[in-house]
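Below is one structure, written out as structure tokens, with a few remarks after it.
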Amino acid sequence: MSSNIVSSSAAPQAASTPERNAQVVTFFARLQEVAAGGEIEQHWRNFGKGVEAAAQSIEYALRELRFESRMHHGTVQQLAKAALPVIALDQSGDAVIVGRAEGDDLLIQRVGSEKAETVKAADFAREFSGTWVSGTLSTDAVVAKLDPERRKFGFAWFWHALSKYKTEMAQVLLATFFVQIFALMTPLAFQVVIDKVLTHRSQATLVVMLIALAGVAFFEMLLSGARHYLFSHTTNRVDVELGARLFAHLMRLPMSFFNSRNSGEIIARVRELESARNFLTGQALTAWLDLLFAVVYLAVMFYYSPLLTFIVLAFLPIFFGASYLVSPLLRKKLEDKFALGAENQSFLAETLGAMETLKGQAIESSWRRIWEKRLARYVTSAFESGHTANWTNLVIQTASKLLTVILLGVGAMQVIDGNLTVGGLIAFNMLSGRVNAPILKLSSLWQEFTQMRVSVKRLAEIMDAQPEAATTGNRRATIIGEVAFDNVSFKYHENGPTVLSDVNFKVRTGEIIGVVGISGAGKTTLMRLLQRLYVPQSGRVLVDGIDLASADPHWLRSQVGVVAQDAALFNLTAMENIALGQPSLSFEAVMDVARLAGAHDFINVMPQGYDTVIGERGCLLSGGQRARIAIARALATDPRILLLDEATASLDYESEQVIHNNLRQICAGRTVFIAAHRLTTLRMADRILVLEDGKLVEAGHHTSLIDKPGRYRSLFEASRALEALSKPLSSLNHKAVQTFPNAGEFHV
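Its first residue numbered 1227, the sequence shown is counted upward by one per residue in this note's numbering.
This is the structure:
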């Protein structure tokens, strides 16, 4: 691989330290045939400065690209012995790729260099920080290179994760082996006691056997405890890895995936991961291990009595057949149960999110009845699936008891005929229990396997969904801000109505564009296309001449600020919400953008100021306050393009005036799109686009549009009349007040 390190066309070019390191990571990924896009650039906004922060950024960026990465500390000599290539950091935090080590020579690739160079290890040690990051392709990355059929989600996805812990699993297997050996000694000891000790009345032998059994019990306890610890520790690590991989894939999915499914349905599918993992790393694995040793027990049983052993073997098809025959019916009932459970999860999530509306409408009772009906359907389905599984278990348990009766009867006849000793019969029955236990467990696990297949099928609907394309194609390091819509037509669903139809316009860098139209005209859709949340069915959306259909979404969105109509806030502090896209932003910078958005004053009077937690979805704030924090958050990343989609709709006139006074400063040096119903806010726009039924019907400056009859003038006159009616009402200045314990009051 190191021989490929020389590449004049792909070698990273000089830039600032974060950009240089991002280029090094991109180049490192390409060496291993992994495409790297703008998704890695966000990691340089999440950490501070210095070698440790740079190493963390590189480590997380490699994980984003599906590498298994790890930070290391050591000397140049230790670095040379590592599995190369790796990314090493100098004392200023700049990254280089170390591709090969031969004797005292290191082959390295620097940023801006057209080809790799060979340096002496001693010379490299003078600049080396002692920190490097390794990265090996994960199973996900390898599978992603396969053809679509081979990379479909299934059981192999779990086995790949488990295969990383071969050493731990081997230790569990070894502990299980000795536990089973000790278990084999107990029935043999019972036979000796009954056939030898009781017959010959040998107390000395009895004492020896009792001490031996006590020792076996003690060591079996230690081994079982060690096995349980190893197993639990390993499965917890598997849990973390699988959960992280699932969540990472979920984050890569396009908006169309989430719009076609409700949140409760997705949550229910995600929770199936635990069921599937529990099956594979829980009873299923231990049952198969126990089953392996059942073969050993059968061999010992055959030594005691071939006839009794054949009787035991004759019952095995009954145990497995009962589970196998019922599995199709059980699978259908489990699928029905899952579907109803997902619906209930969605209903509950929707209810919790709309609690204020439900109470405001005084419909708690009727809503509760709807829930009770849904719950009754789910409980009925769960009962039917449980009832089916229970009858299967009853058949298996009855067959097991019948086997015990037959063994007792035939075994007694064998003892009477002198073919078997009393101790041998007791030992055989104990061994039979050791054989039956894993087999009975395995037959019941077949039912769990049926449920696991349902879980995997549900998970596959997420894991097989195509993620957003991350491309490394044509793009600028920094967006300039030129925008063009070229014959753009769009609909959300293939059979749905056309939302935008043949829209054409061009926007120069730094222009302020107003977008107006009645509800449903296509304003929000236009904003979404500019974020590449969706791709048009026909036509092109261009930013700086780059078609967004083939552009890297991470590259675009990291430089586009958005304030949506219902901008989501999180259960974090005010500062964390503002700095969400730029976590390393200084406190002074956060306050600056908050002042610009008119949020600083009300944040300052909150109990802990910028450290006040604002509640889930910002529930402790008013709508206007949430909007101002959302505006501050959009400005925090210093975007080249700013999209304000009804950003001031929930503001009172006083708060809106603050935004208007700062609008020139907010828009300075940016291309800005403002969608608004209050058309007086668009007077400062360089151009206004008027949408109607998804079509661009008018375009021009406010003055030119107002001077001629048309759609814009009628909308403007209606807006002005509505504002005239609203102002007297706003003068009443009703304010909701949220009181915090021991902290006075602030306006919400």
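The beta-carbon is built from N, C-alpha and C at its ideal position, and this holds for glycine as well.
Measuring alpha carbon to alpha carbon, tell me which residue in the options is nearest residue i.
i: Ala1255; options: Val1312, Glu1561, Asn1570 and Glu1491; result: Val1312
i: Leu1400; options: Glu1880, Arg1453 and Phe1384; result: Arg1453
i: Thr1753; options: Val1725, Asp1770 and Gly1586; result: Per the sequence shown, the amino acid found at residue 1753 is Met instead of Thr. It is Val1725 whose Cα lies nearest to the Cα of Met1753.
i: Asp1770; options: Gly1849, Arg1866 and Glu1802; result: Arg1866
i: Asn1794; options: Gly1850, Pro1809, Tyr1760 and Ile1772; result: Residue identity check: residue 1794 is Ala in the sequence provided, not Asn. That would be Gly1850, whose Cα lies nearest to the Cα of Ala1794.
i: Phe1573; options: Leu1601, Trp1781 and Tyr1836; result: Leu1601
i: Tyr1718; options: Met1689, Ile1688, Thr1751 and Val1742; result: Thr1751
i: Ile1544; options: Val1496, Thr1624 and Ser1501; result: Thr1624
i: Ala1540; options: Ile1885, Thr1357 and Leu1628; result: Leu1628
i: Ile1804; options: Leu1432, Arg1859 and Thr1402; result: Arg1859
i: Arg1497; options: Gln1571, Val1442 and Leu1861; result: Gln1571
i: Trp1672; options: Ala1691, Asp1690, Leu1868 and Leu1555; result: Leu1555
i: Ser1681; options: Ser1810, Met1801 and Leu1499; result: Leu1499
i: Leu1877; options: Arg1852, Gly1895, Arg1890 and Ala1901; result: Arg1852
i: Pro1664; options: Gly1637, Arg1679 and Ser1626; result: Ser1626
i: Ser1945; options: Val1302, Arg1904, Pro1413 and Leu1931; result: Arg1904
Rounding to the nearest angstrom, what Cα-Cα distance links residue i and residue j in this structure?
i: Glu1694; j: Asn1619; result: 46 Å
i: Met1817; j: Cys1893; result: 18 Å
i: Glu1245; j: Gly1722; result: 42 Å
i: Ala1777; j: Val1761; result: 11 Å
i: Arg1766; j: Gly1743; result: 22 Å
i: Ile1652; j: Gln1417; result: 7 Å
i: Ala1287; j: Thr1252; result: 9 Å
i: Ala1962; j: Cys1845; result: Confidence in Ala1962 is poor, its pLDDT being 40 and thus under 50, which makes the residue's placement unreliable; the coordinate value appears in the next sentence. When rounded, the distance between both Cα atoms is 13 Å.
i: Ala1240; j: Asn1247; result: In this prediction, Ala1240 has a pLDDT of 44, which is less than 50 and means its spatial position is unreliable; what the coordinates show is noted afterwards. Roughly 10 Å between the two C-alpha positions.
i: Ser1501; j: Phe1528; result: 38 Å
i: Leu1449; j: Thr1461; result: 18 Å
i: Val1741; j: Leu1755; result: 14 Å
i: Ala1348; j: Ala1327; result: 13 Å
i: Val1260; j: Leu1291; result: 8 Å
i: Phe1828; j: Gln1891; result: 21 Å
i: Thr1735; j: Gly1895; result: 8 Å
i: Arg1495; j: Ser1489; result: 10 Å
Mark residue i as exposed unless 16 or more other C-beta atoms lie within 10 angstroms of its C-beta, in which case mark it buried.
i: Asp1792; result: exposed
i: Val1831; result: exposed
i: Lys1732; result: exposed
i: Val1521; result: exposed
i: Trp1383; result: buried
i: Leu1518; result: exposed
i: Tyr1391; result: buried
i: Ser1727; result: buried
i: Val1661; result: buried
i: Asp1837; result: exposed
i: Trp1781; result: buried
i: Asp1933; result: exposed
i: Thr1906; result: exposed
i: Trp1385; result: exposed
i: Leu1223; result: Since the displayed the chain opens at 1227 and closes at 1974, residue 1223 lies outside it and no answer follows.
i: Lys1749; result: buried
Kindly indicate the opening and closing residues of the alpha helix (DSSP H) around residue i.
i: Arg1478; result: Gln1429 to Arg1478
i: Asn1616; result: Glu1590 to Ile1642
i: Gln1785; result: First-last for Gln1785: undefined, no H or E at that position.
i: Leu1578; result: Pro1532 to Gly1579
i: Ser1764; result: Premise fails: Ser1764 lies in the beta strand (DSSP E), Ser1764 to Val1769, not in any alpha helix (DSSP H).
i: Gly1850; result: Gly1849 to Ala1862
i: Val1418; result: Lys1392 to Val1418
i: Val1337; result: Element bounds for Val1337: n/a, residue is neither H nor E.
i: Asn1488; result: Neither: Asn1488 is in no alpha helix (DSSP H) and is coded neither H nor E.
i: Asn1730; result: Premise fails: Asn1730 lies in the beta strand (DSSP E), Leu1726 to Val1733, not in any alpha helix (DSSP H).
If I measure Cβ to Cβ from residue i and keep anything under 8 Å in the same chain, skipping five residues before and after, which residues do I get?
i: His1826; result: Met1817 and Ala1820
i: Glu1918; result: Gly1743, Ile1744, Ala1747 and Arg1937
i: Val1648; result: Ile1420, Asp1421 and Val1641
i: Met1435; result: Ala1415, Val1418, Val1419 and Val1423
Between which two residues does the beta strand (DSSP E) holding residue i run?
i: Lys1921; result: Lys1921 to Gly1926
i: Asn1713; result: Val1709 to Phe1716
i: Gly1361; result: Phe1354 to Leu1363
i: Phe1899; result: Thr1897 to Ala1901
i: Met1817; result: Premise fails: Met1817 lies in the alpha helix (DSSP H), Phe1813 to Leu1822, not in any beta strand (DSSP E).
Here's a check: name, in chain order, each residue in its chain whose Cβ is nearer than 7 Å to the Cβ of residue i, leaving out the five neighbours to either side.
i: Ala1608; result: Lys1563
i: Leu1174; result: Residue 1174 is absent from the model: the chain starts at 1227 and stops at 1974.
i: Gln1692; result: none
If you drop the 5 nearest sequence neighbours on each side, which residues of the same chain put their C-beta closer than 6 Å to that of residue i?
i: Ala1710; result: Lys1732 and Leu1768
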